[in-house]
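Reviewing the structure listed below.
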Amino acid sequence: PRDTVDVVVVGSGGAGFSAAVSAHDHGASVILIEKEPLIGGNAKLAAGGMNAAWTDQQKAKGIKDSVESMYKDTMKGGRDLNEPELVEVLTSHSKGSVDWLTAMGADLNDVGRMGGASANRSHRPTGGAGVGAHVIQVLYDNAVKRDVDMRMNTRGIEILKDDKGNVKGLLVKGMYKGYYWIKADAVILATGGFAKNNDRVAKLDPKLKGFISTNQPGATGDGIDVAGNAGAAMTDLQYIQAHPTLSVKGGVMVTEAVRGNGAILVNREGKRFVNEITTRDKASAAILNQTGKSAFLIFDDSVRKSLSKIDKYIGLGVAPSADSLIKLGEMEEIDGKALTEAVARYNSFVKSGKDADFGRPNLPRALNEGNYYAIEVTPGVHHTMGGVKIDSKAEIMNAKQQVIPGLYGAGEVTGGVHGANRLGGNAISDIVTFGRMAGENAAEYSKKN
Ligand code: ADP
């Protein structure tokens, strides 16, 4: 294999694969490297959905939505600290990204609700199966079809530049080959975040010291150092998101779609305490305020049937069930009488269409069918909003706000898209849209260099 190409992509998550496929389709030769033995990064674990507005899939279901509404929700969710021009790109290209994946064979026909969204816009495979694994599979198959040179167990170490400051390649370390240079006109960093690196996390946000994480082992943030050593500016590193619902047993991340499809949250006293569909930062803070710093997701068989992922949680043994709420309370040491009352009151809100207690915006179904389930949950570190600074073309910038020629960034390694808090469903949207853009722009750049 040659070690000279037009574009090197670092990282095999959704951003890296989108970049590799798109760079190839814009005429570039591509090498994609991944430091872990397995492809897919955290993207592969994403279960919620891919947010997009004004899609054919929404129209087919009679869902009214708009790019403006997705823009407003994203800014509000990020506490208005997002970079507006990046949110503009995210939202206005979201439909195009869904179409791009669909044309490559993806099924994104199921559309559900995630926290902080004012419409159902979270796209996922029919039956609600994990969106991340599906998207990665589709992108991987397409990369294979295009004969993209993929190298696992290969870590990106240092960006090579010429004396004018233009990127010329990347120093990598292969597990068997050791250190070697890949010469390239452009490098795309798609190395993901650092939620699994608790030292780095706790330095930036001491409240999160010792927290467990939902992330895969590769989410350590060394790509941020690679970029920093090449002169990249950083933004928003202090904003680190806890996912509100990790199962206390085993630390399994329970997707927000469980709440979106109708589960409620109660505390050990059997009472609801929050609008379950609020943003992740607020839901996490509310759970940490309850007895034992945990809460219970409560749902019935109608919710279970609406989302195939739930059977996985049941299979893993983290969602015990009983045929009555009283029994469920006894098993899980929740006040069963209060729980029964809370569910009955919630069901009356479903009927009237209005949550008089917490203003929950979506009330998809009453909880009164078959068995009841309880998953005890607590927050864990999930997503790092900050990272390298990019412009709206996915070019990485230095501290003087100048582009570093030939260096691109996409996905969780970048900052600015999500402000202080990322909405569920916006990560897949981010990595596909900015990955595609980085791939296209890097390919065009390499033609001129
Ligand atoms: P995104 O969602 O932004 O695509 P992911 O976390 O899904 O990010 O994927 C990032 C991938 O990059 C992970 O598989 C991770 O192991 C890999 N990675 C991180 N740092 C490096 C590095 N220095 N060299 C090669 N791969 C890396």
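So mature numbering (1 follows the signal peptide of the UniProt record, and there is no 0) is basically just the index in the sequence shown, starting at one, shifted up by 122. All residues carry an ideal CB built from backbone N, CA and C; glycine is no exception.
Check: residue 345 C-beta below 7 Å from any heavy atom of ligand 1:
One-based indexing of the sequence shown puts residue 345 at position 223. Result yes, Cβ under 7 Å from ligand 1.
Host beta strand (DSSP E) of residue 501 (start-end)
For this step, residue 501 is matched to residue 379 along the sequence shown. It spans 494 to 506 - the beta strand (DSSP E) in which residue 501 sits, taken as one unbroken run.
From residue 160 to residue 448, what distance separates their C-alpha atoms?
As a working mapping, residue 160 is identified with position 38 in the sequence shown. As a working mapping, residue 448 is identified with position 326 in the sequence shown. Each residue's Cα considered, the two are about 44 Å apart.
With burial defined as no fewer than 16 other Cβ atoms inside 10 Å of the residue's Cβ, what is the status of residue 339: buried or exposed?
For the purposes of this step, residue 339 is taken as residue 217 along the sequence shown, with counting starting at 1. With fewer than 16 other Cβ atoms within 10 Å, it is exposed.
Those runs of the beta strand (DSSP E) which lie wholly inside the region 377 to 444 and span at least 3 residues:
As summarised for the region 377 to 444, the continuous beta strand (DSSP E) elements at least 3 residues long and confined to that stretch are 386 to 388 and 417 to 422, given in chain order.
Whose C-beta lies closer than 8 Å to the C-beta of residue 374 among residues of the same chain, with five residues either side of it excluded?
In the sequence shown, counting from the first residue as 1, residue 374 sits at position 252. Short of 8 Å from the beta carbon of residue 374, and not among the five residues preceding or following it, lie these beta carbons of its own chain, in chain order: 368, 435, 438 and 440.
Relative to the C-alpha of residue 550, which residue among 451, 169 and 381 is closest?
Residue mapping note: residue 550 aligns to position 428 of the sequence shown, counting from 1. The candidate whose alpha carbon is nearest that of residue 550 is 169.
Helix, strand or coil at residue 486 according to DSSP, with G and I counted as helix:
Indexing the sequence shown from 1 puts residue 486 at position 364. Residue 486 carries a coil assignment under DSSP once its states are collapsed to helix, strand and coil.
Does DSSP put residue 256 in a helix, in a strand, or in coil?
Taking the first residue of the sequence shown as 1, we reach residue 256 at position 134. Residue 256 falls in the helix class under three-state DSSP.
Which of the three DSSP states, helix, strand or coil, is assigned to residue 365?
As a position in the sequence shown, residue 365 is number 243, starting the count at 1. If DSSP states are grouped into helix, strand and coil, residue 365 belongs with the strands.
Assuming residue 183 contacts residue 233 (C-beta within less than 8 Å), just tell me the rounded distance between them.
Looking up residue 183 in the sequence shown gives position 61. Looking up residue 233 in the sequence shown gives position 111. Indeed, because the Cβ distance is near 6 Å, the residues count as touching under 8 Å.
Leaving out five residues on either side along the sequence, give the residues of the same chain with a beta carbon under 6 Å from the beta carbon of residue 322.
Start at 1 with the first residue of the sequence shown, and residue 322 comes out as number 200. Cβ neighbours of residue 322 beyond the five flanking positions: 316 and 343.
Is residue 323 close to ligand 1? I mean its beta-carbon at under 7 Å from any heavy atom of the ligand.
Here residue 323 refers to the residue found at position 201 when the sequence shown is read from its first residue. No, Cβ of residue 323 sits at least 7 Å from all heavy atoms of ligand 1.
Boundaries of the alpha helix (DSSP H) in which residue 574 is found, first to last residue:
Here the chain comprises residues numbered 123 to 571, so residue 574 is not present and cannot be evaluated.
Suppose you measure from the CA of residue 571 to the CA of residue 288; what does that come to, to the nearest Å?
Locating residue 571 in the sequence shown gives position 449, where the first residue counts as 1. Locating residue 288 in the sequence shown gives position 166, where the first residue counts as 1. Using only the alpha carbons, I get a separation of about 10 Å.
Quick check on DSSP: helix, strand or coil for residue 215?
Looking up residue 215 in the sequence shown gives position 93. Three-state DSSP puts residue 215 in coil, outside helix and strand.
Residue 451 - DSSP class collapsed to helix/strand/coil:
In the sequence shown, residue 451 corresponds to position 329, counting from 1. In the three-state reduction of the DSSP assignment, residue 451 falls in the helix class, which pools H, G and I.
Flag residue 155 as yes when its Cβ comes closer than 7 Å to any non-hydrogen atom of ligand 1, and as no otherwise.
Translated into positions along the sequence shown, residue 155 becomes position 33. Result yes, Cβ under 7 Å from ligand 1.
Residue 413 and residue 398 look like a contact to me (Cβ under 8 Å); what is the Cβ gap, rounded to whole Å?
As a position in the sequence shown, residue 413 is number 291, starting the count at 1. As a position in the sequence shown, residue 398 is number 276, starting the count at 1. Contact between residue 413 and residue 398 does not hold, since their C-beta atoms are separated by about 18 Å, which reaches or exceeds 8 Å.
Do you know whose CA, among 194, 250, 465 and 493, lies nearest residue 424's CA?
Locating residue 424 in the sequence shown gives position 302, counting from the first residue. Per the Cα distances, 493.
Beta-carbon proximity check, residue 307 vs residue 360, cutoff 8 Å
Numbered from its first residue, the sequence shown carries residue 307 at position 185. Numbered from its first residue, the sequence shown carries residue 360 at position 238. Taking C-beta atoms as the reference points, residue 307 and residue 360 fail to come closer than 8 Å.
What separation, rounded to the nearest whole angstrom, lies between the Cα atoms of residue 136 and residue 431?
Looking up residue 136 in the sequence shown gives position 14. Looking up residue 431 in the sequence shown gives position 309. Those two C-alpha atoms are separated by around 20 Å.
If contact is defined by three or more beta carbon pairs under 8 Å, each pair taking one atom from either stretch, is the region 536 to 547 in contact with the region 193 to 202?
A contact is defined here as three or more CB-CB pairs under 8 Å, and the region 193 to 202 meets this definition with respect to the region 536 to 547.
Tell me whether the region 512 to 523 and the region 555 to 566 touch, counting them as touching only if at least three CB pairs, one residue from each stretch, are closer than 8 Å.
A contact exists between the region 512 to 523 and the region 555 to 566.
Pick out the complete beta strand (DSSP E) segments inside the region 143 to 170, 3 residues or longer, and give them in chain order.
Runs found: 152 to 155.
Just list the residues that DSSP pairs residue 301 with in beta bridges.
As a position in the sequence shown, residue 301 is number 179, starting the count at 1. Paired residues: 295.
Where does residue 248 land, buried or exposed, given buried means 16+ other C-beta within 10 angstroms?
Counting from 1 along the sequence shown, the entry for residue 248 is found at position 126. Residue environment for residue 248: exposed (fewer than 16 other C-beta atoms within 10 angstroms of its C-beta).
Identify which residue in 126, 127, 141 and 235 has its Cα closest to the Cα of residue 563.
Here the question's residue 563 lines up with position 441 in the sequence shown. In terms of CA proximity to residue 563, 141 leads the group 126, 127, 141 and 235.
Is any heavy atom in ligand 1 found nearer than 7 Å to the beta carbon of residue 219?
Here residue 219 refers to the residue found at position 97 when the sequence shown is read from its first residue. False, no ligand heavy atom lies under 7 Å from that Cβ.
Straight-line gap, residue 488 to residue 473 (C-alpha atoms, nearest Å):
Counted from its first residue, the sequence shown places residue 488 at position 366. Counted from its first residue, the sequence shown places residue 473 at position 351. Distance between the alpha carbons of residue 488 and residue 473 is about 8 Å.
Between which residues of its own chain and residue 215 is the CB-CB distance below 7 Å, once the five residues before and five after are set aside?
Here residue 215 corresponds to residue number 93 of the sequence shown, with the count starting at 1. Residues of the same chain with a CB within less than 7 Å of the CB of residue 215, apart from the 5 flanking positions on each side, are 555 in chain order.
Ligand 3 heavy atom lying under 7 Å from the CB of residue 467:
Here the bound small molecules are ligand 1; ligand 3 is not part of this structure.
Use the C-beta contact count for residue 266: other C-beta atoms within 10 angstroms, 16 or more gives buried, fewer gives exposed.
Here residue 266 corresponds to residue number 144 of the sequence shown, with the count starting at 1. Exposed, because fewer than 16 other Cβ atoms sit within 10 Å of the Cβ of residue 266.
Three-state class that DSSP yields for residue 203 in the structure shown:
Residue mapping note: residue 203 aligns to position 81 of the sequence shown, counting from 1. In the three-state DSSP reduction, residue 203 falls in the coil class, being neither helix nor strand.
Do residue 572 and ligand 1 come close, with the Cβ less than 7 Å from some heavy atom?
A query on residue 572 cannot be resolved here, the shown segment of the chain reaching from 123 to 571 and no further.
Going by alpha carbons, who is nearest to residue 271 out of 297, 176, 255 and 143?
As a first step, residue 271 must be located in the sequence shown, where it is residue number 149. Nearest C-alpha to residue 271: 143.
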